[in-house]
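Colleague:
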């Protein structure tokens, strides 16, 4: 840090930090770049187009990709956090050493001098012009050789503007961290097998074995964090740490798409299967001394709803450029109907099925979806405006879910459109529909156990017809119904081409409520 006119300014160029750090990250520079928000395809493109034999030079250019994205918001603090997460302690120390090498310069007043003569003034100007031209030539040559990022000469600018830029960069970093939402995956052991033939261990023995299992996981929590993050395989979901009580995995969701992908993974029971395969391995069972361990994974719904509301309220106008944290999670392949999936997981029904508890849970989930759509409905005008802008020429109305998915595919496939549109609103609408789809599949799978199964029962037949009708409505090619009786407001003339789309989710929720009412009938639930 240097002192100019009583103000401290950062004299260390971030590119100089990149050059000093690059030799220490040559083995993990890709992981560091991904941690900083550089996209995978950008790294592959850099490797394909760069033929430098020096690995540190490639690492330097990878870090410059991060600078390209965030500009002056790229700071040593953010780089240090990424290096810490990747376990590169030596590179962190190099940043600290680089800061300590820059001494504090005392404030010095400008020495007084006599006014030069006109000939002397002309000589000084000529020498200054030559030095400036030479410096620009050297800087341009270094830029071509090192792949550095050309920046305008700011030496002549005041220290006040430099300090303002530093403050704005700090605000942007803290703002992006504030918008990332933390989700807790609470895990506990639900079943333990000791491995003996009779398996008649006491409850205290099983409790001690469970505590031993938790201790083994906590001792190797960094390794398990990396393994679980790779197994979840959602770009904007970061596994931060694992804590006790019984065992809690802290995940950070940077985007609304990542949050909804994690939620769908949890609802479809894929998240439980992933956690089971990551934490319960043969090596862990051998260390613990157990034959088998079964984990139960839960997510706090209040925490999930609070995170969704925070991410849904984010506006693109908050930043001039699209930061990686503002980009939705794009499907692995080109978006199509297959990426709004129908859950194909086999639903296992317990022997002692709690019908009353299941109905209460269904009612709570329906109310959660209803509240979620109510929050989304506050932004319905912006959602309709987004669809109006991206609708192709000649198309006057949206008739089915396939039209919405096609518009979403076009939206995320065009960088010029997605940079200025609320793509998260379209994704939120489709995710809400998918939540209803999962509920309908669950009701269909377990309704046989919750009912008498007598086909002559009128309530059972009504429930079966309603479930079949809901499944037909959720088909991508099903034409929307314009039923304004389910709306609690008047429809604007501008919303007429989207009337079926606006009525679709409220109509689904109304039919779901009828299904729940039918399930609670004595003839069905006896």
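In the UniProt record's numbering, the protein residues as written are 1 to 526.
Ideal placement from N, C-alpha and C gives every residue a C-beta, glycine not left out.
What are the start and end residues of the beta strand (DSSP E) that includes residue 483?
Modeller: Within the chain shown, residue 483 is the residue found at index 483, counting from 1. Where residue 483 is concerned, there is no enclosing beta strand (DSSP E), given that its DSSP letter is neither H nor E.
Colleague: Below 8 Å, how does it come out for the segment 286-298 and the segment 358-374: are there three or more Cβ pairs, yes or no?
Modeller: Output reads no: the segment 358-374 does not touch the segment 286-298.
Colleague: So is residue 507 buried or exposed if we call it buried at 16+ other beta carbons inside 10 Å?
Modeller: Mapped onto the chain shown, residue 507 falls at position 507. By the neighbour-count rule (16 or more Cβ atoms within 10 Å), residue 507 is buried.
Colleague: Please report how far the alpha carbon of residue 72 lies from the alpha carbon of residue 269, in whole angstroms.
Modeller: If you number the chain shown from 1, residue 72 lands on position 72. If you number the chain shown from 1, residue 269 lands on position 269. Answer to the nearest angstrom: the Cα atoms are 42 Å apart.
Colleague: I'd like to check one pair, residue 65 with residue 33: are the Cβ atoms closer than 9 Å?
Modeller: Your numbering for residue 33 matches position 33 in the chain shown. Your numbering for residue 65 matches position 65 in the chain shown. Going by C-beta atoms, residue 33 is nearer than 9 Å to residue 65.
Colleague: Determine the DSSP secondary structure at residue 220, reduced to helix, strand or coil.
Modeller: Mapped onto the chain shown, residue 220 falls at position 220. Residue 220 falls in the coil class under three-state DSSP.
Colleague: Per DSSP, residue 243 is paired with what?
Modeller: Stepping through the chain shown from its first residue, residue 243 is reached at position 243. Paired residue(s): 248.
Colleague: Taking the straight line between their C-alpha atoms, what separation do you get for residue 205 and residue 211?
Modeller: Here the question's residue 205 lines up with position 205 in the chain shown. Here the question's residue 211 lines up with position 211 in the chain shown. Between residue 205 and residue 211, the C-alpha separation is close to 10 Å.
Colleague: For residue 88, collect the residues of the same chain with a Cβ closer than 8 Å to its Cβ; drop the 5 residues on either side in sequence, then sort them by chain order.
Modeller: As a first step, residue 88 must be located in the chain shown, where it is residue number 88. 24, 25, 28, 32, listed in sequence order.
Colleague: Among the candidates 233, 231, 241, whose CA atom is the shortest distance from the CA of residue 220?
Modeller: Start at 1 with the first residue of the chain shown, and residue 220 comes out as number 220. Closest by alpha carbon: 241.
Colleague: Considering only C-alpha positions, which residue in the set 20, 251, 512, 236 is nearest to residue 38?
Modeller: As a first step, residue 38 is located in the chain shown; it is residue number 38 there, counting from the start. Of the candidates 20, 251, 512, 236, the one whose C-alpha sits nearest the C-alpha of residue 38 is 236.
Colleague: Distance check for residue 378 and residue 302, CA to CA, integer angstroms please.
Modeller: On the chain shown, residue 302 is found 302 positions in, with the first residue counted as 1. On the chain shown, residue 378 is found 378 positions in, with the first residue counted as 1. Distance between the alpha carbons of residue 302 and residue 378: 20 Å.
Colleague: With C-beta atoms as the reference, is residue 440 less than 9 Å away from residue 512?
Modeller: The residue given as residue 440 occupies position 440 in the chain shown. The residue given as residue 512 occupies position 512 in the chain shown. Closer than 9 Å, so yes.
Colleague: Straight-line CA distance for residue 411 to residue 80?
Modeller: Numbered from 1 along the chain shown, position 411 holds the residue referred to as residue 411. Numbered from 1 along the chain shown, position 80 holds the residue referred to as residue 80. Taking the straight line joining both Cα atoms gives about 35 Å.
Colleague: For residue 266 versus residue 217, is the C-beta spacing smaller than 9 Å?
Modeller: To locate residue 266, count along the chain shown from 1; it is residue 266. To locate residue 217, count along the chain shown from 1; it is residue 217. No. Outside cutoff.
Colleague: Taking residue 289 as the reference, give the member of 207, 275, 244, 368 with the closest Cα.
Modeller: Here the question's residue 289 lines up with position 289 in the chain shown. Selected option, being the one with the closest Cα: 207.
Colleague: Skipping 5 residues on each side, what residues in its chain have a beta carbon closer than 8 Å to that of residue 222?
Modeller: Indexing the chain shown from 1 puts residue 222 at position 222. Only 87 meet the Cβ criterion.
Colleague: At what residues does the beta strand (DSSP E) containing residue 496 begin and finish?
Modeller: Position 496 of the chain shown holds residue 496. From DSSP, residue 496 is part of no beta strand (DSSP E); its letter is neither H nor E.
Colleague: Spatial neighbours of residue 214 within its chain, please: CB distance less than 7 Å, with the 5 preceding and 5 following residues excluded, ordered by chain position.
Modeller: Position 214 of the chain shown, counting from 1, holds the residue named residue 214. These residues qualify, in order along the chain: 244, 246, 247.
Colleague: Quick check on residue 281: buried or exposed, where buried means 16 or more other Cβ atoms within 10 Å of its Cβ?
Modeller: Start at 1 with the first residue of the chain shown, and residue 281 comes out as number 281. Exposed, since its Cβ has fewer than 16 Cβ neighbours within 10 Å.
Colleague: Is the CB-CB distance between residue 432 and residue 466 below 9 Å?
Modeller: Residue mapping note: residue 432 aligns to position 432 of the chain shown, counting from 1. Residue mapping note: residue 466 aligns to position 466 of the chain shown, counting from 1. Not a contact, by the Cβ cut-off of 9 Å.
Colleague: Between residue 21 and residue 74, which are expected to be in contact by the criterion C-beta below 8 Å, what is the C-beta distance as a whole number of angstroms?
Modeller: Mapped onto the chain shown, residue 21 falls at position 21. Mapped onto the chain shown, residue 74 falls at position 74. Going by Cβ atoms, the distance from residue 21 to residue 74 rounds to 12 Å, so no, they are not a contact pair.
Colleague: Kindly list the residues whose CB is nearer than 6 Å to the CB of residue 187, restricted to its own chain and excluding five residues on each side of it in sequence; keep chain order.
Modeller: Taking the first residue of the chain shown as position 1, residue 187 is located at position 187. Correct list, in chain order: 247, 295, 297.
Colleague: Identify which residue in 492, 260, 226 has its Cα closest to the Cα of residue 306.
Modeller: Position 306 of the chain shown, counted from the first residue, corresponds to residue 306. Measuring from the Cα of residue 306, the nearest candidate turns out to be 260.
Colleague: For residue 57, which of 70, 30, 76 has the nearest alpha-carbon?
Modeller: In the chain shown, counting from the first residue as 1, residue 57 sits at position 57. Cα-wise, what sits closest to residue 57 is 30.
Colleague: In whole angstroms, give me the CA-to-CA distance for residue 464 and residue 437.
Modeller: Residue mapping note: residue 464 aligns to position 464 of the chain shown, counting from 1. Residue mapping note: residue 437 aligns to position 437 of the chain shown, counting from 1. Approximately 16 Å, taken between the alpha carbons.
Colleague: Between the C-alpha atoms of residue 264 and residue 428, what's the straight-line distance to the nearest angstrom?
Modeller: Position 264 of the chain shown holds residue 264. Position 428 of the chain shown holds residue 428. Rounded to the nearest angstrom, the two C-alpha atoms are 12 Å apart.
Colleague: Does the distance from the CB of residue 496 to the CB of residue 402 come in under 9 Å?
Modeller: Walking along the chain shown from the start, residue 496 turns up at place 496. Walking along the chain shown from the start, residue 402 turns up at place 402. No, the Cβ-Cβ distance between residue 496 and residue 402 is not below 9 Å.
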